[in-house]
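Read through the structure below, which is laid out as structure tokens, and then see the notes.
2 protein chains.
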Amino acid sequence: MGSSILIVHGEKQLRTSTRNLLEKAGHDVREAKELGQANGFRPDLLLISWTALSPVADSLQRLRNHDTTRQSRIIVLAPRPDLRAAINALELGADDCLAVPFEGEELLVRVNACLRRPPSSPQADRLVAGPIVLDRGVHRLLVGDNALELAPTEFRLMAFFLENQGRVFSRSELLARAWAKNIHAGPRTVDVHVRRLRQQLEPYGHDTMIQTVRGFGYRFSATPLDRGRVGRPSPVGAP
Amino acid sequence: MGSSILIVHGEKQLRTSTRNLLEKAGHDVREAKELGQANGFRPDLLLISWTALSPVADSLQRLRNHDTTRQSRIIVLAPRPDLRAAINALELGADDCLAVPFEGEELLVRVNACLRRPPSSPQADRLVAGPIVLDRGVHRLLVGDNALELAPTEFRLMAFFLENQGRVFSRSELLARAWAKNIHAGPRTVDVHVRRLRQQLEPYGHDTMIQTVRGFGYRFSATPLDRGRVGRPSPVGAP
DNA sequence: ATCCAAGCTTAAAGGACCTGTAAAGGGCCG
DNA sequence: CGGCCCTTTACAGGTCCTTTAAGCTTGGAT
Numbered sequence: 002m003g004s005s006i007l008i009v010h011g012e013k014q015l016r017t018s019t020r021n022l023l024e025k026a027g028h029d030v031r032e033a034k035e036l037g038q039a040n041g042f043r044p045d046l047l048l049i050s051w052t053a054l055s056p057v058a059d060s061l062q063r064l065r066n067h068d069t070t071r072q073s074r075i076i077v078l079a080p081r082p083d084l085r086a087a088i089n090a091l092e093l094g095a096d097d098c099l100a101v102p103f104e105g106e107e108l109l110v111r112v113n114a115c116l117r118r119p120p121s122s123p124q125a126d127r128l129v130a131g132p133i134v135l136d137r138g139v140h141r142l143l144v145g146d147n148a149l150e151l152a153p154t155e156f157r158l159m160a161f162f163l164e165n166q167g168r169v170f171s172r173s174e175l176l177a178r179a180w181a182k183n184i185h186a187g188p189r190t191v192d193v194h195v196r197r198l199r200q201q202l203e204p205y206g207h208d209t210m211i212q213t214v215r216g217f218g219y220r221f222s223a224t225p226l227d228r229g230r231v232g233r234p235s236p237v238g239a240p
Numbered sequence: 002m003g004s005s006i007l008i009v010h011g012e013k014q015l016r017t018s019t020r021n022l023l024e025k026a027g028h029d030v031r032e033a034k035e036l037g038q039a040n041g042f043r044p045d046l047l048l049i050s051w052t053a054l055s056p057v058a059d060s061l062q063r064l065r066n067h068d069t070t071r072q073s074r075i076i077v078l079a080p081r082p083d084l085r086a087a088i089n090a091l092e093l094g095a096d097d098c099l100a101v102p103f104e105g106e107e108l109l110v111r112v113n114a115c116l117r118r119p120p121s122s123p124q125a126d127r128l129v130a131g132p133i134v135l136d137r138g139v140h141r142l143l144v145g146d147n148a149l150e151l152a153p154t155e156f157r158l159m160a161f162f163l164e165n166q167g168r169v170f171s172r173s174e175l176l177a178r179a180w181a182k183n184i185h186a187g188p189r190t191v192d193v194h195v196r197r198l199r200q201q202l203e204p205y206g207h208d209t210m211i212q213t214v215r216g217f218g219y220r221f222s223a224t225p226l227d228r229g230r231v232g233r234p235s236p237v238g239a240p
């Protein structure tokens, strides 16, 4: 019983010879010159050239998060001089690596060994900020031991904040980056969603993590500077 | 956090140098000159020389069946001339192989990659989630003492949910992974089958295990967090 | 102290999404 | 060939989410 395999490599010759080999072994094979031409194909195994992964860590991360490749095993192909680097890709989440050129037999054996294993479990992809954790896999916000369900927009906004902690964003910037695309909403919309988030964090005392920066926008910070102003030269004359 | 590793190799020098390397990486390492000196040690990983496995198929089979090594990953070590044979060991159930002599870095990377994977498990025939059990052998869903017969698609969907408890899946992902291949159905189809499952679980009060995540898809969870949404802005105003 | 600008809160309209029902299409077995 | 069951599609009804708008509160400056 064959598996589905996607080959991503720049050289046509290598692609087709590899393809022939794998098809003879009963697999369903497709080729692509570059990543991103897969069109919804969900390969059980991804054979990808070292050069198609740059930067490596980022690319692997993206493959692990993408819908169609989350469950794929990944074998990295690299010429011998680069093999050392390819080996390091194992550290970053690849399942195996192979030196090019390779012998047909070794390819088949490694491919089969890889396919025999259960697909690499998606390492928990969670965003953390002190006591609160956004688990994208289960789509929940954990505050201590409590789990909150967030509406779609609330969820995206929270994820954006957690990915960009400490920085201030204007309302229009938030609308551009945390909202679904092709949505044109007024700036007040942000206020409402920020409020919803604060409201849900309030019972746990974490609503102060989303901070208003008057005249600029909002900032998320896990270490809520204590109430009152900061870094502002205050008139010494007190009432 | 280290893992337990057993090195089986005839040469003392190779054993100790390898041991030092792995201990420096924080693992709990033991050595043996031959297989069968392990004395109840249950290694997470077995580093074993090619020559200690003869005949190969038999030895691997025995390791997979033996109590102390059933859960161990296995990496086969072989001098380059024998590497071809060692590669074939992958076909017979080893997890990886490595040429001797090796560079320390490659050893560590492969060991870690191997350990990161879940141990090869004789996949269970029964999937359990709290009070409900899907028995693939008899093709039935057991809820408490009652047995339900599920239609094919219902059965696959239920099995998929039980194999991936807690995570949210979009409709397209469910169609891709829980439906028979080469089936192209609309996303609404998933809704109906989810309903069928819920309907059959309802008499037992377990229909809440399949949870809707609005805008994203569905999730199966045996612990159906307390009713509905939490902390949603509710009219606090006077009656 | 007072005023203006900016942010906060609430309510309600509108729409997107999910549910449940019904009926058509297809395969399998008698 | 006919009936039955499973699967899929279609649609009405209802629920929940998003956005807008309006009044209220707060912060900062005159």
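Those sequence lines, one after another, are chains A and B.
Here the first sequence is numbered in the numbering used here, starting from 2 and rising by one per residue.
Here the second sequence is numbered in the numbering used here, starting from 2 and rising by one per residue.
We treat Cβ as the ideally placed atom computed from N, Cα and C, and that holds for glycine.
> Does the pairing of the segment 187-204 of chain B with the segment 146-160 of chain B give three or more beta-carbon distances under 8 Å?
Replying inline: Counting Cβ pairs under 8 Å, three or more are found: they touch.
> Among all the DSSP beta bridges, which residues are the ones paired with Leu136 of chain B?
Replying inline: Here residue 136 of chain B turns out to be Asp, not Leu, going by the sequence shown. B:Arg127 and B:Arg141.
>> For chain B, check one thing: does any of its Cβ atoms lie closer than 9 Å to the Cβ of Gln246 of chain A?
In response: Since the first and last residues shown for chain A are 2 and 240, residue 246 of chain A lies out of range.
>> On the DSSP bridge list, what partners appear for Gln212 of chain B?
In response: In DSSP, Gln212 of chain B forms a bridge with B:Arg220.
> Does DSSP classify Ala87 of chain B as helix, strand or coil?
Replying inline: If DSSP states are grouped into helix, strand and coil, Ala87 of chain B belongs with the helices.
> Helix or strand or just coil, what does DSSP make of Glu32 of chain B?
Replying inline: In the three-state scheme derived from DSSP, where H, G and I count as helix and E and B as strand, Glu32 of chain B is classed as strand.
>> Between Pro80 of chain A and chain B, is the shortest Cβ-Cβ distance under 9 Å, so that the two count as touching?
In response: It does not; no Cβ of chain B falls within 9 Å.
> Asp211 of chain B: which of B:Arg178, B:Ser60, B:Ser173 and B:Asn165 sits nearest, CA to CA?
Replying inline: The residue you asked about is not Asp; residue 211 of chain B is Ile in the sequence shown. When each option's Cα is compared against that of Ile211 of chain B, the closest is B:Asn165.
>> Suppose you measure from the CA of Glu24 of chain B to the CA of Asp45 of chain B; what does that come to, to the nearest Å?
In response: Cα to Cα, Glu24 of chain B sits roughly 14 Å from Asp45 of chain B.
> Would you report the Cα separation of Ala58 of chain A and Leu93 of chain A, rounded to the nearest angstrom?
Replying inline: In this structure, the straight-line span from the alpha carbon of Ala58 of chain A to that of Leu93 of chain A is close to 6 Å.
> Whose Cβ in chain B lies nearer than 7 Å to the Cβ of Leu99 of chain A?
Replying inline: Taking the beta carbon of Leu99 of chain A as reference, no residue of chain B falls within 7 Å; the closest one sits roughly 11 Å away.
>> Once the 5 residues before and after Ser222 of chain B are set aside, which same chain residues still bring their CB inside 8 Å of it?
In response: Cβ neighbours of Ser222 of chain B beyond the five flanking positions: Gln166, Gly167, Met210 and Gln212.
>> Once DSSP output is grouped into helix, strand and coil, what is the label at Phe257 of chain B?
In response: Residue coverage of chain B in this structure runs from 2 to 240, which leaves residue 257 of chain B outside it and unanswerable.
>> Quick check on Asp97 of chain A: buried or exposed, where buried means 16 or more other Cβ atoms within 10 Å of its Cβ?
In response: So Asp97 of chain A ends up on the buried side.
> If we count the other Cβ atoms within 10 Å of its Cβ and call it buried at 16 or more, is Ile184 of chain A buried or exposed?
Replying inline: Exposed.
> How would you label Gly19 of chain B, buried or exposed, when you count the other beta carbons within 10 angstroms and need 16 or more for buried?
Replying inline: Looking at the sequence itself, residue 19 of chain B is Thr, so the reference to Gly does not match. Result: buried.
> Are Asp126 of chain A and Arg65 of chain A close, meaning C-beta to C-beta below 9 Å?
Replying inline: Yes, Cβ-Cβ distance for Asp126 of chain A and Arg65 of chain A is below 9 Å.
> Pick from B:Leu22, B:Thr52 and B:Gly37: whose alpha carbon is nearest that of Val30 of chain B?
Replying inline: Taking only the C-alpha atoms, the option nearest Val30 of chain B is B:Leu22.
>> Using 9 Å as the threshold, is the C-beta distance between Ala130 of chain B and Leu163 of chain B below it?
In response: Going by C-beta atoms, Ala130 of chain B is nearer than 9 Å to Leu163 of chain B.
>> So His207 of chain A and Ile133 of chain A are supposed to be a Cβ contact under 8 Å. How far apart are they, rounded?
In response: The Cβ separation is near 6 Å, so the contact holds.
>> What would DSSP say about Asn147 of chain B, mapped onto helix, strand or coil?
In response: Three-state DSSP puts Asn147 of chain B in a strand.
> Of the residues that make up the segment 133-164 of chain B, which ones have a beta carbon closer than 7 Å to any beta carbon in chain A?
Replying inline: In summary, no residue of the segment 133-164 of chain B has a CB separated from any CB of chain A by less than 7 Å.
> According to the neighbour-count rule (16 or more other Cβ atoms, all chains shown, within 10 Å of its Cβ), is Gly218 of chain B buried or exposed?
Replying inline: Counting the other CB atoms within 10 Å of its CB gives Gly218 of chain B a total of 16 or more, which places it among the buried residues.
> Around the Cβ of Val191 of chain A, are there at least 16 other Cβ atoms within 10 angstroms (buried) or fewer (exposed)?
Replying inline: Within a 10 Å sphere around the beta-carbon of Val191 of chain A sit 16 or more other beta-carbons, which makes this residue buried.
>> For a contact defined as C-beta to C-beta under 8 Å, what are the partners of Ser60 of chain A on chain B?
In response: Under the 8 Å cutoff, chain B gives no residues; its nearest Cβ is about 17 Å from Ser60 of chain A.
> Does the beta-carbon distance from Leu99 of chain B to Leu108 of chain B come in below 9 Å?
Replying inline: The answer is yes: Cβ separation under 9 Å.
> Looking at the structure shown, is Pro80 of chain A part of a helix, part of a strand, or coil, going by DSSP?
Replying inline: In the structure shown, Pro80 of chain A sits in a strand (DSSP, three-state: E or B).
> So, helix, strand or coil for Leu99 of chain B, using DSSP?
Replying inline: Residue state, collapsed to three classes: strand.
>> Tell me which residues share the same chain as Leu72 of chain B and place their Cβ nearer than 6 Å to its Cβ, disregarding the 5 neighbours each side in the sequence.
In response: This sequence places Gln at residue 72 of chain B; Leu is not what is there. Cβ-Cβ distances below 6 Å link Gln72 of chain B to Pro120 in the same chain, with the five nearest sequence neighbours on each side left out; the list follows chain order.
> DSSP on Leu198 of chain A, reduced to helix/strand/coil?
Replying inline: Residue state for Leu198 of chain A is assigned as helix, using DSSP reduced to three classes.
> To the nearest angstrom, how far is it from the Cα of Gly41 of chain B to the Cα of Ile6 of chain B?
Replying inline: Approximately 13 Å between the Cα atoms of the pair.
> The beta strand (DSSP E) spanning Gly5 of chain A covers which residue range?
Replying inline: The sequence given here has Ser at residue 5 of chain A, not Gly. Taken as a continuous stretch (DSSP letters only), the beta strand (DSSP E) holding Ser5 of chain A covers Ser5 to Val9.
> How would you call Ala95 of chain B, buried or exposed, if buried means at least 16 neighbouring beta carbons within 10 angstroms?
Replying inline: Buried.
> Hey, how far is the Cα of Gly105 of chain B from the Cα of Gln14 of chain A?
Replying inline: Rounded to whole angstroms, the gap between the alpha carbons of Gly105 of chain B and Gln14 of chain A is 34 Å.
>> Mapping the DSSP letters down to three states, classify Leu54 of chain A as helix, strand or coil.
In response: If DSSP states are grouped into helix, strand and coil, Leu54 of chain A belongs with coil.
> What is the DSSP secondary structure of Leu93 of chain A, reduced to helix, strand or coil?
Replying inline: Leu93 of chain A falls in the coil class under three-state DSSP.
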